[in-house]
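Those letters in the sequence shown? Residues 6 to 394, by our numbering.
Written below as structure tokens is the structure these notes are about.
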Amino acid sequence: MIDYEKAVTRAVREIRPSGIRKFFDIAAEMDDVISLSIGEPDFVTPWHIREAGIASLERGMTHYTSNAGLIELRQAICDYMRRRFKLQYEEDELIVTVGGSEAIDIAIRTLVGPGDEVLIPEPSFVCYDPITRMAGGRATPIVTRAEDDFRLTAQQLKAAITPGTKLLILPYPNNPTGAVMRREDLEAIADVLRDTDIFVLSDEIYAELTYGARHVSIASIEGMRERTIVVNGFSKAFAMTGWRLGFLAGPRPLVKAMLKVHQFAIMSSPSTSQYAAVEAMTNGDEDVRAMRTDYNRRRKYILEGVRRLGMPCFEPFGAFYIFPSIKDFGMTSDEFCTKLLREQRLAVVPGNAFGQSGEGHIRISYAYSKENLTEALRRLGAFTEKYGK
Numbered sequence: 006m007i008d009y010e011k012a013v014t015r016a017v018r019e020i021r022p023s024g025i026r027k028f029f030d031i032a033a034e035m036d037d038v039i040s041l042s043i044g045e046p047d048f049v050t051p052w053h054i055r056e057a058g059i060a061s062l063e064r065g066m067t068h069y070t071s072n073a074g075l076i077e078l079r080q081a082i083c084d085y086m087r088r089r090f091k092l093q094y095e096e097d098e099l100i101v102t103v104g105g106s107e108a109i110d111i112a113i114r115t116l117v118g119p120g121d122e123v124l125i126p127e128p129s130f131v132c133y134d135p136i137t138r139m140a141g142g143r144a145t146p147i148v149t150r151a152e153d154d155f156r157l158t159a160q161q162l163k164a165a166i167t168p169g170t171k172l173l174i175l176p177y178p179n180n181p182t183g184a185v186m187r188r189e190d191l192e193a194i195a196d197v198l199r200d201t202d203i204f205v206l207s208d209e210i211y212a213e214l215t216y217g218a219r220h221v222s223i224a225s226i227e228g229m230r231e232r233t234i235v236v237n238g239f240s241k242a243f244a245m246t247g248w249r250l251g252f253l254a255g256p257r258p259l260v261k262a263m264l265k266v267h268q269f270a271i272m273s274s275p276s277t278s279q280y281a282a283v284e285a286m287t288n289g290d291e292d293v294r295a296m297r298t299d300y301n302r303r304r305k306y307i308l309e310g311v312r313r314l315g316m317p318c319f320e321p322f323g324a325f326y327i328f329p330s331i332k333d334f335g336m337t338s339d340e341f342c343t344k345l346l347r348e349q350r351l352a353v354v355p356g357n358a359f360g361q362s363g364e365g366h367i368r369i370s371y372a373y374s375k376e377n378l379t380e381a382l383r384r385l386g387a388f389t390e391k392y393g394k
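Now the structure itself:
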């Protein structure tokens, strides 16, 4: 008999399955479930973007592109980043990737080796820790707090740095909290990092989805471009999740090294998606503006709703999630979400899926229709009335 457990590497064996997908998969097998668990826009990719992808197929443009991506797409991304975020990059400082997730993966695998420490503000997206450990690195969480608006503070960062620290993940706008970092916050972080050899991986996939001040990238702060890898993509802002397309930008020598990992693991990103993305980058600003306006309405609606039910909740100014506290209910996050799903057919994500510091919270996505959000609040209200003090 083959011992398949032993055949799997220790690093992979020790990784927990995604807590986000766990509840999504359970909900998919149940009837009459409202799922607010997945961070996926309910908007369809705008027609002119789909049309560009269709046109590329009709013209037989179905071959490999260059490893780094279509030159016209990389040029369009450079123009977009300059126009939207005041970031200056050249085409050879970019790689078009299979979603933002691949960009995160190849950046970490290029920079992190055995024993290198990666600092990860938490709560945060689920992939940073396992990718770090599969690369042989040490993932060290920095717990952010609601009283600090879930921002990473310069004091926290300075206290966490050790001689082995190689990389800081900067996941803002944040999933799951919706927290954002203001320019003054980033300048304070930059002051801590400038005299170190620490690099930054700035995950900016929600950069277009901020409500109030426009997103500021740490790469735009003086002295930070040369040590920062910016990750972004098309899934969230352009409602292109299924097209699986993202990109990274950074210093030329690092990007050149990351391209080697991309070449051997992926070859190139899907050509159809890339042709569609050229259109998104060039003519998609108005689509993003309209979707952001709608998300903002939903944000206010769901935030007011959960607070009305007696659930304390930090006001998020980015992404499309709220992160209310459930500490008054005397249950763990898993218990709360499991009972809510079984009894009310409402799927949300336990906060501990985003690191242990997320315990005592749940993540609710408002990337869903007003009708779904209204019914979800009704079901959540019935649940909180039953179990509340």
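Even glycine gets a Cβ: it sits at the ideal position worked out from N, Cα and C.
All values reported here derive from a predicted model rather than from experimental measurement.
Unbroken alpha helix (DSSP H) run spanning residue i, endpoints
| i | result |
| --- | --- |
| Ala90 | For clarity, residue 90 is Phe in the given sequence; the question names Ala instead. Element bounds for Phe90: Ile76 to Phe90. |
| Ile54 | Trp52 to Glu63 |
| Ala254 | Note, Ala254: premise wrong, no alpha helix (DSSP H); beta strand (DSSP E) at Gly251 to Ala254. |
| Asp134 | Tyr133 to Met139 |
| Val260 | Arg257 to Ala270 |
| Asn288 | Ser276 to Asn288 |
Residue range of the beta strand (DSSP E) that includes residue i
| i | result |
| --- | --- |
| Phe204 | Phe204 to Asp208 |
| Lys171 | Thr170 to Leu175 |
| Leu99 | Leu99 to Thr102 |
Top-ranked residue by Cα proximity to residue i, from the options
| i | options | result |
| --- | --- | --- |
| Gly104 | Lys375, Trp248 and Ala372 | Trp248 |
| Ile125 | Leu385, Leu99, Val101 and Phe155 | Phe155 |
| Ala270 | Thr102, Gly44, Thr70 and Glu189 | Thr102 |
| Leu253 | Leu259, Asn237, Lys265 and Thr246 | Asn237 |
| Glu231 | His220, Pro256, Phe239 and Ala60 | Pro256 |
| Gly120 | Arg188, Ala151 and Gly169 | Gly169 |
| Thr137 | Lys163, Ala16, Ser274 and Glu95 | Ala16 |
| Glu390 | Ser278, Gly315, Met336 and Pro355 | Gly315 |
| Ile178 | Lys241, Pro135 and Ala164 | Ile is not the amino acid found at residue 178; the sequence shown has Pro there. Here the closest residue by C-alpha is Lys241. |
| Ala140 | Thr201, Glu227, Phe325 and Gly118 | Gly118 |
| Ile20 | Asp134, Lys11 and Tyr69 | Asp134 |
| Pro329 | Arg313, Thr343 and Lys344 | Arg313 |
| Ser225 | Gly310, Ile203, Ile194 and Gly251 | Ile194 |
| Asp333 | Asp190, Pro317, Ala324 and Leu116 | Pro317 |
| Pro181 | Thr298, Val354 and Cys342 | Val354 |
| Gln279 | His267, Phe239 and Ile147 | Phe239 |
CB contact flag (residue i, residue j, <8 Å)
| i | j | result |
| --- | --- | --- |
| Leu175 | Asp208 | yes |
| Lys171 | Val235 | no |
| Ile369 | Ile331 | no |
| Ser395 | Thr50 | A query on residue 395 cannot be resolved here, the shown segment of the chain reaching from 6 to 394 and no further. |
| Val131 | Phe359 | yes |
| Ile43 | Glu380 | no |
| Ser362 | Glu127 | yes |
| Ala73 | Leu92 | no |
| Gly323 | Ala184 | yes |
| Asp292 | Phe243 | yes |
| Glu63 | Gln80 | no |
| Arg199 | Gly217 | no |
Bridge partner(s) assigned by DSSP for residue i
| i | result |
| --- | --- |
| Ala144 | Val123 |
| His366 | Ser330 |
| Pro317 | In the DSSP output, where bridge partners are listed per residue, Pro317 has none listed. |
| Ala195 | Its beta-bridge partners do not exist; DSSP assigns none. |
| Pro355 | Ile367 |
| Thr215 | Gly323 |
| Gly238 | Gly251 |
| Ser40 | Ala352 |
| Thr233 | Val205 |
Any non-hydrogen atom of the ligand ZN within 7 Å of residue i CB
| i | result |
| --- | --- |
| Thr145 | Absence of the ligand ZN from the depicted structure is noted, as is the absence of any ligand whatsoever, leaving it without description. |
Touch test, the segment 292-304 against the segment 363-374, Cβ-Cβ under 8 Å, three pairs minimum: yes
Touching by the beta-carbon criterion (3+ pairs, under 8 Å), the segment 349-368 and the segment 195-215: no
The segment 50-62 touching the segment 284-296, judged by at least three CB pairs closer than 8 Å: yes
Segment contact, 8 Å Cβ cut-off, at least three pairs: the segment 106-113 with the segment 83-93: no
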